[in-house]
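Respectively, the protein sequence lines represent chains A and B. My numbering puts the first residue of the first sequence at 1, with every later residue one more than the last. My numbering puts the first residue of the second sequence at 1001, with every later residue one more than the last. Glycine is no exception: its CB is placed at the ideal position from the N, C-alpha and C atoms. Just so it is clear, the structure is predicted and the values come from calculations on it, not from any experiment. To start, the structure under review is shown below, and the notes come after it.
Number of protein chains: 2
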Amino acid sequence: MAIVPLYRRDARHPQAQACAACEVRGSALFGALDDAGLDHIHTHIASVEITPDQPVYARGEAGAAVFTVRAGIVRFERSSPHGDRRIVRLAGRGDLIGQEALLQRPYADEAIACTPVQLCRIPRHLVDQLATAQGSLPRELMLRWQVALDASEAWVAELSSGPAHRRLLHLLLRLARLGEPGGPVWLPRREEIGAMLDLTVETASRLVSRLRREGVIELLPPRAARIDLAALERALNSEGTG
Amino acid sequence: MAIVPLYRRDARHPQAQACAACEVRGSALFGALDDAGLDHIHTHIASVEITPDQPVYARGEAGAAVFTVRAGIVRFERSSPHGDRRIVRLAGRGDLIGQEALLQRPYADEAIACTPVQLCRIPRHLVDQLATAQGSLPRELMLRWQVALDASEAWVAELSSGPAHRRLLHLLLRLARLGEPGGPVWLPRREEIGAMLDLTVETASRLVSRLRREGVIELLPPRAARIDLAALERALNSEGTG
DNA sequence: CGAGCCGTTGAGGGGATTCAAGCTCAGTGG
DNA sequence: CCACTGAGCTTGAATCCCCTCAACGGCTCG
């Protein structure tokens, strides 16, 4: 974990004005804060960069901080005592992760970077301060919690239900939304697709190959792809009726 | 929906002192409130009773209230545009449901009573009042949100992963925890089991019958069963190694 | 008593897994 | 430079789990 403190006003610092200029400010946790508020907090928030497949935090760890995702994709994993692991959710730009820490609770999942990830690390006590001083923060927090809950329930409904082919289509739809609109999307390894959709690597591979032949996706190795959204929609619709 | 206002001090009222005497007070949303606080809110909270298979609220509805579950089991459903429906989570005694309403958002799921359910209906504005007046409430709220998020992620990991036999064992384990310890548990209809585990009725029936033959559960029709927790544990363990 | 819902069981088929082999590609060291 | 290696991906063949289609019995209720 590369941790760099943020000094908003020191223009010589590479992370100068990072909070104020943060591209996700409008949708991030402190989006509603004015400059005075930023002055108060900016010295406590650190910018964190994580390389793919490195953990942000581990399940059971007594966390002292929450994170906002500034860029990249984070996955949440749980594994059974028997060893099989399952990816239960993804988070992307603007999402708040590790909220359990605010309740002095251990982290509930393994959080691992899928792509290069940029995070803002926010100490627990800092949120506590703002929660008492300001009125708007709790509401922002609850919003994040609800977003996470909604994402998790949608994961059950879309990525854990029905035939494998449809589950993969839904996954691609999500990946497309997580990336730049129209741009190439991050494509997980086959083993990761399997962990997301509860499939074996072989089945994941077969299905991806099939979509490639059908023209729904164009592979851009390694770990990227271009998605034909129109073809994807078509495939999803013909899925139900066929 | 049978709605009965709660008048805490009117001893002639059947719901008299319901808030003060509420069995789930210690673990419920207003658990931390003192009597003075109760005085303020008790006239605004209504007791709601719902019969099995009746909705608490519908997805998309602009909700003006959250609910705490005082007794019974509530299920959350989502259905795809193609018509197939999936149960994504269960809630039981002490759980807070419909929290989206606090954010002026439409309800995210269909919430439907599985068993006879008793709820406390808490208007949104009441929570807003308490949130500004008291400091402890937001924390309680966040705790509920985290409980729901955790339940949803566990649903992915346990009830949507692996072979159907193991998924059913995990479901029975949950149902046992939702009911009285040692007592009979509520057993969903086969169709409902199917919607929870993404199975057909036939497969659900076959698996239940198998567990009955193996002595893991004893059916107590209609819609109840006794579970041999030791046998269940054994079955879950031999599952992984076999 | 017949209608309808729920649960059960059987037979057959299909989709996903398992086991296995071969491929590409980047990194390594001769 | 190129064989060697290992990780990731792909494909094939056989097996198995679960689905589909179907029939039937128990039960409630009009």
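By alpha-carbon distance to A1108/B, the top candidate from L1141/B, I1087/B, E1218/B, E1049/B is I1087/B. C-alpha of T43/A to C-alpha of L1137/B: approximately 29 Å in a straight line. Burial state of A1131/B is buried, judged by a 10 Å Cβ sphere holding 16 or more other Cβ atoms.
Scanning chain B for C-beta atoms nearer than 8 Å to the C-beta of L175/A yields nothing, as the closest lies near 17 Å away. Annotation: the continuous alpha helix (DSSP H) that includes V127/A extends over 124-133. Look at I1045/B here: in three-state DSSP terms it is coil, with no helix or strand label. For E1202/B, there is no enclosing beta strand (DSSP E); the residue is part of the alpha helix (DSSP H) that begins and ends at 1201-1213. By the rule that beta-carbons nearer than 7 Å mark a contact, P1055/B does not touch chain A.
Per DSSP, reduced to three states, the secondary structure at S1160/B is coil, with no helix or strand assignment.
Across the segment 81-93 of chain A, CB contacts with chain B closer than 8 Å involve P81, H82, G83, D84, R86, V88, R89, in sequence order along the chain.
For I73/A, the secondary structure class from DSSP, reduced to helix, strand or coil, is coil.
Using a Cβ distance threshold of 7 Å, Q146/A and E1100/B count as a contacting pair. With respect to D1095/B, S161/A sits apart: the two C-beta atoms are not nearer than 7 Å. Residue pairing by DSSP places A1111/B opposite Y1057/B, F1076/B in a beta bridge. For L1130/B, the nearest beta carbon of chain A is not closer than 7 Å to its own beta carbon. Against F1067/B, chain A offers no close residue; the least beta-carbon distance is about 16 Å (beta-carbon pairs closer than 9 Å). Between A1064/B and P1123/B a beta carbon distance of about 6 Å is seen, short of the 8 Å cut, so the two are scored as contacting.
Proximity of the segment 108-122 of chain A to the segment 44-56 of chain A meets the contact definition, three or more beta-carbon pairs being nearer than 8 Å. If the five residues before and after L141/A are omitted, its C-beta is found closer than 8 Å to the C-beta atoms of L29, L96, Q99, L102, V127, A131, all from its own chain and listed in chain order.
Less than 7 Å separates the beta-carbon of A1046/B from that of R1121/B. Here DSSP, grouped into helix, strand and coil, assigns P1106/B to strand.
Per DSSP, reduced to three states, the secondary structure at R1190/B is helical. Note that the C-beta distance between G183/A and P116/A is not below 7 Å. For S152/A, the nearest CB of chain B lies under 7 Å from its own CB, placing it at the interface with that chain. In the DSSP assignment, L90/A falls within the beta strand (DSSP E) that extends over 85-91. Pairing A176/A with V185/A gives a Cβ-Cβ distance under 7 Å. Check the Cα spacing between E233/A and each of V216/A, S79/A, R210/A: the tightest is with V216/A. Secondary structure at V147/A: helix, using DSSP grouped into helix, strand and coil. Chain order gives no chain A residues near E1061/B, where near means a beta carbon separation below 8 Å; the closest approach is about 15 Å. One thing to note: A235/A has its Cβ no nearer than 7 Å to the Cβ of L1149/B. Secondary structure of R234/A (DSSP, three-state): helix. If you check the CB distance, R167/A and L159/A come in under 7 Å. Counting C-beta atoms within 10 angstroms of its own C-beta, E1192/B has 16 or more neighbours from the protein chains shown and is therefore classed as buried.
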